[in-house]
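In my numbering, the protein residues as written are 519 to 988.
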């Protein structure tokens with residue numbers, strides 16, 4: 519069993535205290551990860567503060583060179599990282615390959631094309647005015663367990679490219695692939711610029727409240743996001759929160775269902791439904807309601823559920839026991855809400871946190887499955903009668919991460935999509951993410967931006983330079 523180390527000030531560091539990392543496919547202990555101490559956190563932040571003085575003054579090309587070195591190392595060690603990701607997260611090998619190579623290495627390469635340059639507002643005989651961006655300092659990136667490697671690389675790249683130094687904290691459920699990367703790249707990144715520390719549930723609050731941290735980038739649940747924001751409030755740390763979602767997909771009556779059924783299904787069940795911007799609610803017009811329900815159920819029954827290590831598996835387990843029980847609690851409430859389980863609806867026999875892909879009909883607002891974010895392999899199909907009504911119902915939620923509209927009349931679908939109260943509105947796709955395109959949440963789905971040039975700006979202080987000439 520590999521002994522994993524943390525990366526602090528360019529050195530690989532262990533800890534006397536550790537915590538187990540569980541394989542969700544068979545509930546075995548994969549490894550033990552270091553549990554960072556207060557002293558180690560102080561050391562990491564002190565190292566990041568010291569490194570910031572030189573890192574911030576490097577050119578965009580120099581910082582990009584380091585990041586491209588990380589991307590090359592990911593590609594070189596991709597087989598090992600993919601295997602670790604499959605084991606700790608549970609996702610299929612194909613999904614892990616996309617996360618490591620496309621979200622990870624590919625996302626780093628794509629983001630290095632982004633550069634924050636001064637913006638000239640005025641330059642005449644009276645004054646020269648520029649808008650400039652200065653890196654904030656030491657940033658903390660807190661990463662969830664659903665896409666632990668890909669999201670970590672996105673935050674890492676934006677922070678370092680903007681000129682910040684970073685403390686990267688993976689989820690205690692899935693720290694191994696990120697810790698292993700730290701071991702691989704320790705000689706690629708200048709000492710102190712990137713520090714990777716793992717810890718149990720007590721570590722997050724210690725990191726977010728530390729006075730040396732100037733910026734927090736958090737991805738996770740809305741409930742935890744509120745705690746992060748409260749922790750940051752004492753010294754007004756800058757915060758970016760990418761939180762939960764209850765994304766609605768509105769199907770129009772002119773949909774080409776034969777063409778759209780599979781993308782709709784995958785939009786809901788991507789990563790076993792454990793995706794913030796996955797489809798959580800499908801609204802279908804009454805005239806074709808049963809057709810939509812059956813189309814979703816037909817695909818669900820063809821899904822091969824099993825360990826990610828099985829090349830035939832296309833869907834893995836729920837990632838951890840706590841989330842597994844939450845999904846089972848939602849499933850138990852469906853019939854009490856008048857819902858009809860069309861397929862699935864049960865845990866699978868044997869070891870591991872496996873749940874059958876589940877399609878539910880005949881539910882409406884007012885039940886857990888529709889009103890809350892289940893975050894598992896379950897989707898409700900909800901009937902509607904008129905478009906004005908369904909737009910209101912889709913928006914009647916505290917969440918606002920993403921939403922989509924599906925139909926053959928693109929202009930009509932676009933007009934409806936623009937009425938969704940969400941950070942992203944898609945037409946005939948869901949989700950579709952790009953490292954060069956900002957991702958933002960509305961309402962309780964967070965605030966601030968991830969990705970794109972806007973994602974770099976989140977790690978900076980905007981400064982206006984105003985020079986009087988006359």
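Beta carbons: idealized from backbone N, C-alpha and C, even for Gly.
Here the structure is a predicted model, which is why all the values come from computation and not from measurement.
* **C-beta contact flag for residue 679 and residue 619 at 9 Å** => no
* To do: Under 8 Å by Cβ, that's how I've got residue 626 and residue 675 pegged, so tell me the actual separation to the nearest angstrom.
  => The C-beta distance from residue 626 to residue 675 rounds to 5 Å, short enough to fall under 8 Å.
* Asked: In chain order, what residues of the same chain lie with their CB nearer than 7 Å to the CB of residue 610, ignoring the 5 residues before and after it?
  -> 826, 831, 832, 833 and 834
* What runs of the beta strand (DSSP E), each 3 residues or longer, lie entirely inside the segment 755-786? -> The DSSP assignment places 756-760 and 765-769 as complete runs of the beta strand (DSSP E) inside the segment 755-786, in order along the chain (cut-off: 3 residues).
* To do: Report buried or exposed for residue 520, applying the criterion of at least 16 other Cβ atoms within 10 angstroms of its Cβ.
  => exposed
* What's the C-alpha gap between residue 578 and residue 571? -> If I take the Cα positions, the gap works out to 15 Å.
* To do: Given a cut-off of 9 Å, decide if residue 899 and residue 878 are closer than it, judged by their beta-carbon atoms.
  => yes
* Asked: Going along the chain, which residues of its own chain have a beta-carbon closer than 7 Å to the beta-carbon of residue 882, five neighbours each way excluded?
  -> 888 and 900
* Would DSSP call residue 640 helix, strand or coil? -> strand
* Using three-state DSSP, classify residue 925 as helix, strand or coil. => coil
* Sequence ranges, beta strand (DSSP E) only - wholly within the segment 560-614, length at least 3 -> Assignment of beta strand (DSSP E) within the segment 560-614, counting only whole runs of 3 or more residues, yields no such run.
* **Reduced DSSP secondary structure (H/G/I, E/B, other) of residue 792** => Coil.
* To do: Following the continuous beta strand (DSSP E) through residue 858, name the residue where it begins and the one where it ends.
  => 858-861
* **Whole-Å CB distance - residue 615 paired with residue 665, under 8 Å assumed** => 13 Å between Cβ atoms; not a contact.
* Asked: Are at least three pairs of beta-carbons, each pair with one atom in the segment 773-787 and one in the segment 812-819, less than 8 Å apart?
  -> yes
* Quick one: measure Cβ to Cβ for residue 599 and residue 699, integer angstroms, because I've assumed they're closer than 8 Å. => 7 Å
* According to the Cβ coordinates, are residue 1002 and residue 707 closer than 9 Å? -> With the chain represented from 519 up to 988, any question about residue 1002 goes unanswered, as that position is not in the structure.
* Asked: For residue 808, which of helix, strand or coil comes out of DSSP?
  -> helix
* **Inter-residue spacing [alpha-carbon to alpha-carbon] between residue 984 and residue 645** => 7 Å
* By the 10 Å Cβ neighbour count, where 16 or more other Cβ atoms means buried, how is residue 532 classified, buried or exposed? -> exposed
* To do: Along the alpha helix (DSSP H) that carries residue 844, what are the first and last residues, could you check?
  => 839-851
* Asked: If you run the structure through DSSP and keep just helix, strand and coil, what is residue 974?
  -> helix
* The alpha helix (DSSP H) spanning residue 667 covers which residue range? -> 666-680
* Asked: So, is residue 558 buried or exposed, given that buried needs 16 or more other C-beta atoms within 10 angstroms?
  -> buried
* Anticipated Cβ contact below 8 Å, residue 912 with residue 801, distance rounded -> Right, their Cβ atoms sit about 6 Å apart.
* Is the beta carbon of residue 958 sitting closer than 9 Å to the one on residue 643? -> no
* Would the segment 720-738 and the segment 644-662 be scored as touching if the rule is three or more Cβ pairs under 8 Å? -> yes
* To do: Assign residue 552 to one of three DSSP states: helix, strand, or coil.
  => strand
* Asked: Excluding the five sequence neighbours on either side, which residues of its own chain have a C-beta within less than 7 Å of the C-beta of residue 662, listed in chain order?
  -> Cβ neighbours of residue 662 beyond the five flanking positions: 669, 689, 737 and 738.
* Asked: Thinking C-beta only, is residue 694 closer than 9 Å to residue 602?
  -> yes
* To do: Can you give me the Cβ contacts of residue 976 inside the same chain, cut-off strictly under 6 Å, excluding the 5 residues immediately before and after it?
  => Correct list, in chain order: 758, 966 and 967.
* Member of 683, 754, 854 and 950 whose CA lies at the smallest distance from the CA of residue 788 -> When the alpha-carbon of residue 788 is set against those of 683, 754, 854 and 950, the nearest one is in 950.
* Asked: Count the other CB atoms within 10 Å of the CB of residue 575; is the residue buried (16 or more) or exposed (fewer)?
  -> exposed
* Rank 895, 954, 902 and 828 by C-alpha distance to the C-alpha of residue 544 and give the top, closest one. => 828
* Does DSSP put residue 981 in a helix, a strand or coil? -> strand
* To do: Count the CB pairs spanning the segment 761-774 and the segment 903-921 that are closer than 8 Å, and state whether there are at least three.
  => Result yes; three or more Cβ-Cβ pairs closer than 8 Å.
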